[in-house]
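Residue numbers (our numbering), protein chains in the order written: chain U, 1 to 161; chain Z, 162 to 1189. Comments concern the structure below.
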């Protein structure tokens, strides 16, 4: 298992740039703040949970810890992954509970300049606007940044999603 | 020894040692408020506990010391050396008594009047100045810089004092101390090391010392823990370091030589004598030997303090094994008893145990994984070591579990008292027989079953056991017996509560079941007596008719059942009418690790807790057991009974019923499960084996899924869900589709949201069809009065009640009192006034939001509210009280002037849900509009949002922002600056009251003092009105 472990204690020097792990989801690249990422996992065996909300793909075993897997495609209203392909996981923590975000593939870690940051365009899909912190203008593409806390704040909007 | 006493000794021992240290700190820094408060609190606790345990001697001494400390704290007395001395002396007396207590389990005889008199004198301020008499004993006892006054021990005071009288005074001690330092300094010049004879001599000497120590009766025990060779090396090193004047190294070595606590100065003296003898034997010049021995004084402090630290380390409890040659008699006995207590119990934080438990759980998992892997390997070399690992793990698991175990007797401790009180109140004779009180179970489980147990014993005493007269009439002995029995049985704890009372009447129960529409007559006819009796566990089966002051106030057996099921337990009952009832509770030993049956449905594995599995049945077309259907309901004939079935595939949504029915050549497994009284079968595709599983809670976002109780990691590393038979049963029973279920969930959520605003209302009927309601909090008791005891007096109904005449008012003028049997009566009490409200029927107790829709002009009615879906009149208790007592309202008016303040709006801030819901109806009925919030922050938010109240009532102790800070914030020029503020707190000493006033509260009232609160409300509102 080629886990990339990024620990909390890696201190970032604030120089007007921030680091993000990029992930790809149905062709769209998204950024997740590097400090909120605990693990990146290869495809895992995920146990389904019947009757659970559709955006919960199941639970998986991460070194003896049970992690709830969130189907990010479902959560963001994207079509399900084609048959035969497996999702990778990005493990994040929300309120001391580990969650694994199921994504297609993991990209690189980017150091982005604050100057390139922009707020969400008002016309953005509401489902996206809800979980996006804002957009980075990259040279060849745009990179929405996932707000992990809002993404996992199911307590308030779980029913709707 | 009695557990309580044991705990008390450990705890008090700890407290005293802290106080010892703190007092010395205080003496050096008399103005340190923090230290003083700490001391005061500790001594106060000791006093309180002593009183509780009935230890008068300890209590009186502690009380006298507390007095003096209290005066310090309030600034009435200056902290003086003399006063501290006497307090320390009293602490030593306490230790002495404790030692006696530990040895004999009784307070030793003795007279403390002299000590108490001295403490009292200080408290009076008479001896605030240091004692001028130089020859009194107490003047010499403490050398403050030593910081260790007396020794605890099992010696009489006289002996102790005699020892002190003979002891060298502080001056002598002080003179002794500097001497070694100077001689040590002197030795530095001429290199003692060379003069002693160098390394060779020391090697011989160390060897001899080591040997002799082993043989020395007094010292051997301190060095027994170190091997002779190591000991030799230690002394060698020690002497080299000392003689070479390397003080730091010497100190380091010295601290390690003693490995057993209790080594004191006296022992050190003996040790030095021994060393000197050895040196002389080794041909060292006696002057040099003297000098060498003197230099050992440099490490005296190190050795003794290290030994002391040893004593402290295991229990965090400072050993008293220290001291100069003074009080030798005391010193020799003290360490022994100290050790005894140390070895008996250690206090470890629960967190640590939880961590340990978690680690062990992980270990068990890993072990299981390993076992699984090797199972598939032939002739593996791993077999044997793995076997041992497995064994160790099991033992470790058991032992760690044991650390969390507590005797169930702890949960029973208050039952004898409850039963005793009940026998008095109910005028019954009941004997409580408790067996197996030392049966141990997990503390977490213990906490959770405490309340259900208490409730059930109450029930047995109240409803089960008959009155002596009734018992005699049916030929039973006059006194009833309740037997509590706890024992282990196959990984579970069984608790039985058995009474020989009247049992549960099936006919009465049936009529009530029909009345509540819980089952139809036809259904009842099909049920066995046992099944009918089990309806008492049915939710909604409130025994309101039988409500008395003792039990039945809304906490029904269904709550007991759900509490027990929450911890994975089951409850069962057998009752024979006329003979008695037996309740049997079966609970797991621990919550963390359970045995689970692994089953399969649609290629997924699930665990079902073994505790709820009764048996496994295999069903197929051709076998003896076959699944049959009645219309669409699948059932199984099992030993001449029909067992309702649930398809796991269907429950989990894998398959529809049609798909299930369409299968061919089915070979189903049926897990027969029991949930409370309900037995049903869960049909699964396959059954694997039973595994020990470590229950891990569900992620918070999945908590709403009732059919799972958790998840776990299996031996092969895969995660599986643990099914909750309760949830499955509920889902199967409700028989509703998913859509309806969602709606139900939503309703449940709405209910949860409103839960905070809910109040318990008592519903009754009196004159007319519609129910009437009254907040339960206002009802003192529910009674049934024999109709023939109701008398007419002065044109009013009266009844003799608890030795006084109680007026009886009809709840509705049109209603008639019953002509025979018993008349249900609600009893209201207000100060010295007690009245009975006669009603037709007591219907139920419901939790409802008290939302009075329509105010009423009708006398005696506050307004109408929708309760349980029906319009109900909420009655005005004060009206009836006024009817009963013409002078009641008058006394009220004079006292608190409520009338003029009706309708004022109040804000109530309290973090306790209980308290808020208790106070709210009281205030509402007194005519106020009440808004209740749970924190100061929420209140401030209301202020920001522009709310205005006529008055604010605030609790003091609240998390985050306490009442004082809140008041200060309000008074500091906020919008509510001029709103009267009333503090409500459990802490209501004069100091608190003053502090409250200083913070800006207009009044400060003790919690639970309803009268004063209402009076104060009226007063404050009046003051405000007058000012405006």
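The beta carbon of each residue, even a glycine, is placed where N, CA and C say it ideally should be. Owing to the predicted nature of the structure, the values given are computational and were not obtained by experimental measurement.
Beta-carbon contacts of residue i that lie in its chain and below 6 Å, excluding the five residues immediately before and after
{"i": "residue 577(Z)", "result": "593"}
{"i": "residue 153(U)", "result": "none"}
{"i": "residue 144(U)", "result": "30, 132 and 135"}
{"i": "residue 649(Z)", "result": "none"}
7 Å Cβ cutoff met for residue i and residue j
{"i": "residue 106(U)", "j": "residue 37(U)", "result": "no"}
{"i": "residue 31(U)", "j": "residue 17(U)", "result": "no"}
{"i": "residue 639(Z)", "j": "residue 590(Z)", "result": "yes"}
{"i": "residue 946(Z)", "j": "residue 923(Z)", "result": "no"}
{"i": "residue 981(Z)", "j": "residue 948(Z)", "result": "yes"}
{"i": "residue 885(Z)", "j": "residue 868(Z)", "result": "yes"}
{"i": "residue 1003(Z)", "j": "residue 985(Z)", "result": "yes"}
{"i": "residue 229(Z)", "j": "residue 280(Z)", "result": "yes"}
{"i": "residue 842(Z)", "j": "residue 797(Z)", "result": "yes"}
{"i": "residue 806(Z)", "j": "residue 762(Z)", "result": "no"}
{"i": "residue 450(Z)", "j": "residue 464(Z)", "result": "no"}
{"i": "residue 844(Z)", "j": "residue 887(Z)", "result": "no"}
{"i": "residue 208(Z)", "j": "residue 220(Z)", "result": "yes"}
Cut-off 7 Å between Cβ atoms - residues of its own chain near residue i, not counting five sequence neighbours on either side
{"i": "residue 169(Z)", "result": "210 and 214"}
{"i": "residue 901(Z)", "result": "Legend: pLDDT at residue 901(Z) = 38, less than 50; position of this residue unreliable, no value from coordinates given."}
{"i": "residue 180(Z)", "result": "200, 203, 204 and 252"}
{"i": "residue 850(Z)", "result": "759"}
{"i": "residue 584(Z)", "result": "590 and 591"}
{"i": "residue 371(Z)", "result": "389, 392, 393 and 396"}
{"i": "residue 1197(Z)", "result": "Absent from the structure is residue 1197(Z), since the part of chain Z shown begins at 162 and ends at 1189."}
{"i": "residue 355(Z)", "result": "none"}
{"i": "residue 308(Z)", "result": "Confidence at residue 308(Z) is low in this model, with a pLDDT of 40, below 50, so the placement of that residue should be treated as unreliable; the coordinate-derived value is given next. So the list reads 185, once near-sequence residues are dropped."}
Other residues of its chain near residue i: CB distance less than 8 Å, five sequence neighbours each side excluded
{"i": "residue 443(Z)", "result": "358, 362, 365, 366 and 369"}
{"i": "residue 757(Z)", "result": "768, 769, 770, 771, 851, 852, 853, 854, 873 and 883"}
{"i": "residue 741(Z)", "result": "625, 659, 660, 661, 662, 663 and 664"}
{"i": "residue 880(Z)", "result": "872, 873 and 874"}
{"i": "residue 1090(Z)", "result": "1064, 1065, 1066 and 1067"}
{"i": "residue 56(U)", "result": "49, 68, 69, 70 and 71"}
Proximity test, Cβ basis, 7 Å: residue i and chain C
{"i": "residue 866(Z)", "result": "In summary, chain C is missing from the structure at hand, where the protein chains are U and Z."}
Next item on the list: Check each residue of the region 38-68 of chain U: if its Cβ is closer than 7 Å to any Cβ of chain Z, include it; give the result in chain order.
Entry: Cβ proximity to chain Z below 7 Å picks out 45, 47, 48, 49, 50, 51, 52, 56, 59, 60, 61, 64, 66 and 68 from the region 38-68 of chain U.
Note to self: Against chain Z, which members of the region 93-114 of chain U pass a CB distance test of less than 8 Å?
What the structure shows: Taking 8 Å as the Cβ-Cβ cut-off, the region 93-114 of chain U approaches chain Z at 95, 97 and 99, given in chain order.
Notebook entry, point to check: Residue ranges of each beta strand (DSSP E) run of no fewer than 3 residues wholly in the region 1102-1141 of chain Z, ordered along the chain?
Noted result: List check, beta strand (DSSP E) in window: 1112-1116.
Checklist line | Contact set between the region 759-781 of chain Z and chain U, restricted to residues whose Cβ is under 8 Å from the partner | finding: Under the 8 Å Cβ criterion, the region 759-781 of chain Z contributes 765.
Margin query: Would the region 659-675 of chain Z count as touching the region 609-629 of chain Z if we require 3 or more Cβ pairs under 8 Å?
Written below: Judged by Cβ distances under 8 Å, the region 659-675 of chain Z makes contact with the region 609-629 of chain Z, as three or more pairs qualify.
Notebook entry, point to check: Is it true that the region 825-835 of chain Z meets the region 776-791 of chain Z, where meeting means three or more beta-carbon pairs spaced less than 8 Å apart?
Noted result: Contact between the region 825-835 of chain Z and the region 776-791 of chain Z is present, because at least three Cβ pairs lie under 8 Å.
Checklist line | Ordered list of beta strand (DSSP E) runs contained in the region 170-257 of chain Z, each at least 3 residues | finding: DSSP runs (the beta strand (DSSP E)) wholly in the region 170-257 of chain Z: none.
Next item on the list: Tell me, please, whether the region 807-826 of chain Z touches the region 528-542 of chain Z by the rule of three or more beta-carbon pairs shorter than 8 Å.
Entry: Short answer: they don't touch.
Check: Can at least three beta-carbon pairs, one atom from the region 66-73 of chain U and one from the region 92-101 of chain U, be found at a separation below 8 Å?
Finding: Yes, since at least three Cβ pairs between the region 66-73 of chain U and the region 92-101 of chain U fall closer than 8 Å, the two stretches touch.
Note to self: Taking 8 Å as the cut-off, does the region 678-693 of chain Z touch the region 717-730 of chain Z (at least 3 CB pairs, one atom from each stretch)?
What the structure shows: Contact check between the region 717-730 of chain Z and the region 678-693 of chain Z: fewer than three CB pairs, one atom from each, fall below 8 Å, which does not count as touching.
Next item on the list: Taking only beta carbons into account, state which residues of the region 541-557 of chain Z come closer than 8 Å to chain U, listed in chain order.
Entry: Cβ contacts with chain U come from no residue of the region 541-557 of chain Z.
Margin query: Under 8 Å, with one C-beta from each stretch per pair, do the region 1152-1163 of chain Z and the region 1121-1139 of chain Z reach the 3-pair mark?
Written below: At 8 Å Cβ cutoff, the stretches touch.
Item checked: Continuous alpha helix (DSSP H) assignments of at least 4 residues falling wholly in the region 601-635 of chain Z -> The qualifying runs are 604-620 and 629-634.
Next item on the list: Run through the region 818-865 of chain Z for me and flag every whole beta strand (DSSP E) of 3 or more residues, listed as ranges in chain order.
Entry: With a minimum length of 3 residues, the continuous beta strand (DSSP E) runs that stay inside the region 818-865 of chain Z are 828-836, 839-845 and 847-855.
Note to self: For a minimum of 4 consecutive residues, which ranges assigned as the alpha helix (DSSP H) are wholly contained in the region 87-157 of chain U?
What the structure shows: Counting only runs of 4 or more, we get 126-131, 148-152 and 154-157.
Next item on the list: Pull out every residue of the region 792-822 of chain Z whose Cβ sits closer than 9 Å to any Cβ of chain U, in chain order.
Entry: Along the region 792-822 of chain Z, the positions whose C-beta sits under 9 Å from a C-beta of chain U are 812, 813, 814 and 815, read in chain order.
Item checked: Under 7 Å (Cβ pairs) to chain U, residues found in the region 512-527 of chain Z -> Answer in chain order: 523 and 526.
Notebook entry, point to check: Taking contact to mean at least 3 C-beta pairs separated by less than 8 Å, is the region 987-1001 of chain Z in contact with the region 963-974 of chain Z?
Noted result: The answer is yes - the region 963-974 of chain Z touches the region 987-1001 of chain Z, with three or more Cβ pairs under 8 Å.
Next item on the list: Taking a Cβ distance cut-off of 7 Å, strictly less, list which residues of the region 849-876 of chain Z are near chain U, in chain order.
Entry: Hits within the stretch, in order: 857, 860, 861, 862, 863, 866, 868, 872 and 874.
Next item on the list: Check whether the region 534-548 of chain Z touches the region 560-573 of chain Z, taking contact to mean three or more Cβ pairs, one atom from each stretch, closer than 8 Å.
Entry: Judged by Cβ distances under 8 Å, the region 534-548 of chain Z makes no contact with the region 560-573 of chain Z, as fewer than three pairs qualify.
Next item on the list: Would you list, in chain order, the members of the region 949-983 of chain Z that have their beta-carbon closer than 8 Å to a beta-carbon of chain U?
Entry: For the region 949-983 of chain Z, the beta-carbon criterion of a distance under 8 Å to any beta-carbon of chain U is satisfied by none of its residues.
Next item on the list: Return the residues of the region 877-896 of chain Z that lie within a Cβ-Cβ distance of less than 8 Å from chain U, sorted by chain order.
Entry: So the list reads 878, 879, 880, 881 and 882, given in the order they occur along the chain.
Check: Is the region 1113-1127 of chain Z touching the region 1083-1102 of chain Z in the sense that three or more CB pairs, one from each, lie closer than 8 Å?
Finding: A contact exists between the region 1083-1102 of chain Z and the region 1113-1127 of chain Z.
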